[in-house]
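Residue numbers (my numbering): 693 to 1139.
Here's the structure we're looking at; comments come further down.
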Ligand SMILES: Cc1ncc(COP(=O)(O)O)c(C=O)c1O
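The structure is reproduced here in structure tokens:
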């Protein structure tokens, strides 16, 4: 704090002047919220001087720790040159270099980059481009996406979203996509076990693609992990099987790696786990290491040439497109991902989850324990048969208990998860698991 306002003043003024995203208003008004005043590595500090491990990487954005010296220095150095200039009709070296660096780590076949400010706009841009290319061909237009998908909160992204609680209210403002079922192994519609899974669930999506192939402008997917939809982990092979079908009809494949990109799932991009190359790749969140808002839509030369031909100009842009400070943070983030062992160390770090999984497995009302890369999730139930999801009050109880032990988590309905920064130390990761386990065990309703 700057010393000008007391903690109580800040909270009071917040409640008088602000509205917080995805936060129930009456609960916020009644709460005594944390006021974050600093961070270091995987730790956040509040203005009372308490420390909290950042179990959500500040909502899946932070990759390499808070106050990362290299990223701090890159932003400061850029500040000495220029903070911002428009990208409309002008360019800058940093923006060109970042585009080259992004393309060098992306799946082969992507050769162009369009910058924007956040994951939702990265998706919006892919949808608009796919639509324009379709329109040029004079064909009908519709997108296909999955139930439980989340692609952001702008209207185009809402149209392809599949979470009724988030998207239902706004659907009248947009065009709803066709929806295929989500390949959620725990709620497998075919009653198969993950161990014996033959990815038959892909058949339903494939059938839909075949039925609507003449009207589809694109299919949009979150490869391998539907994060906001409840950390739905796909069975191996689903992505490649469905992608092959989509591509066999010449339908553009849009992969949204806003949450999964830059190592979260163990590979740099989740689609690389199954050797899938999309026509459009949307990235954001971790791109700047969780420092500044920047996103990018990567696309193919074929799409570029199509847009050049018709309409010849892409009427989409933002005031801060290609912001040099954000670009500097992104370049340093990519440098650290490439030059440090942060990615190669992930398999070894993941072993910390083994004992956590075993301990959770002994709690009868915990189920659907799953993990990929450094993402770990499990569901909480009111019954041992795992049919009744835990009530909001139970989940809130776990969240606040964890917080009181020095761990920030944020449940998604009855799902709890840890998504630490990739740079988390083994010790901090163990501590996150211990604190979350204690918070779960402390909930009498589920023990
Ligand atoms: C897969 C995916 N796409 C898009 C978005 C939207 O990103 P943003 O919140 O930066 O607009 C998110 C955000 O959680 C996401 O998880």
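Just so you know, even glycine gets a beta-carbon here, dropped at the ideal spot from N, CA and C.
Treat the numbers as computed from the prediction; the structure is a model and nothing was measured.
query	result
Examine the Cβ distances between the region 1064 to 1076 and the region 1104 to 1124 and report whether three or more of them are shorter than 8 Å.	yes
Is it buried or exposed for residue 758, if we count other Cβ within 10 angstroms and need 16 for buried?	buried
Who pairs with residue 872 in a beta bridge, going by DSSP?	838
What is the DSSP secondary structure of residue 758, reduced to helix, strand or coil?	strand
Any heavy atom of ligand 2 closer than 8 Å to the Cβ of residue 1133?	In terms of ligand content, the structure shown lacks ligand 2 and carries ligand 1 instead.
If the criterion is Cβ atoms closer than 9 Å, does the pair residue 847 and residue 908 meet it?	no
Measuring alpha carbon to alpha carbon, tell me which residue in 764, 698 and 723 is nearest residue 740.	698
Please report the distance separating the alpha-carbon of residue 854 from that of residue 1043.	33 Å
Under DSSP, the beta strand (DSSP E) around residue 813 begins and ends at which residues?	Where residue 813 is concerned, there is no enclosing beta strand (DSSP E), although the alpha helix (DSSP H) it sits in stretches over 811 to 828.
From this set, 918, 806 and 769, which residue's C-alpha is nearest residue 844's C-alpha?	918
Given a threshold of 16 other Cβ atoms within 10 Å of its Cβ, counted over all protein chains shown, does residue 717 qualify as buried or as exposed?	exposed
Kindly list the residues whose CB is nearer than 7 Å to the CB of residue 891, restricted to its own chain and excluding five residues on each side of it in sequence; keep chain order.	927, 929, 930 and 933
For residue 811, verify whether its CB is less than 8 Å away from any heavy atom of ligand 1.	yes
With a Cβ-Cβ cutoff of 9 Å, do residue 787 and residue 1124 count as a contact?	no
Can you look up residue 787 in the DSSP assignment and give me helix, strand or coil?	helix
Suppose you measure from the CA of residue 1139 to the CA of residue 736; what does that come to, to the nearest Å?	30 Å
Taking 8 Å as the limit between beta carbons, can you name the residues of its chain near residue 939, skipping five residues before and five after?	945
Which residue or residues does DSSP assign as beta-bridge partners of residue 918?	924
Would DSSP call residue 1046 helix, strand or coil?	helix
Check each candidate in 902, 912 and 730 and name the one with the smallest Cα separation from residue 947.	912
Determine which residues share a DSSP beta bridge with residue 983 and list them.	DSSP output for residue 983 lists no bridge partner at all.
If you draw a straight line from the alpha carbon of residue 1132 to that of residue 1090, how long is it in whole angstroms?	6 Å
Under DSSP, the beta strand (DSSP E) around residue 806 begins and ends at which residues?	804 to 808
Is the beta carbon of residue 963 within less than 8 Å of some heavy atom of ligand 1?	no
Thinking just about the alpha-carbon of each residue, which of 1015, 996, 1014 and 1012 is nearest to the one in residue 1006?	996
For residue 775 and residue 1015, I'd like the C-alpha separation in whole angstroms.	7 Å
Between residue 854 and ligand 1, is the CB less than 8 Å from at least one heavy atom?	no
I believe residue 982 touches residue 1121 by the beta-carbon criterion, under 8 Å. Please report the beta-carbon distance rounded to the nearest angstrom.	No, residue 982 and residue 1121 are not in contact; Cβ-Cβ is about 17 Å, not under 8 Å.
Quick one: Cα of residue 779 to Cα of residue 1054, how far?	55 Å
What residues in its chain sit with their C-beta under 7 Å from that of residue 822, if we drop five residues either side in the sequence?	909, 910, 944, 946 and 972
For residue 814 versus residue 1067, is the C-beta spacing smaller than 9 Å?	no
Can you tell which of 796, 952, 1021 and 989 has its C-alpha closest to the C-alpha of residue 980?	1021
Hey, would you say the C-beta of residue 1054 is under 8 Å away from at least one heavy atom of ligand 1?	no
Go to residue 779, then tell me how far its alpha helix (DSSP H) extends in each direction, as first and last residue.	Taken as a continuous stretch (DSSP letters only), residue 779 belongs to no alpha helix (DSSP H), as it is neither H nor E.
Compare the Cα-Cα distances from residue 770 to each of 1019, 1094 and 882 and report the closest residue.	1019
Contact between the region 797 to 815 and the region 983 to 992 is defined here as three or more beta-carbon pairs at a separation below 8 Å; is this criterion met?	yes
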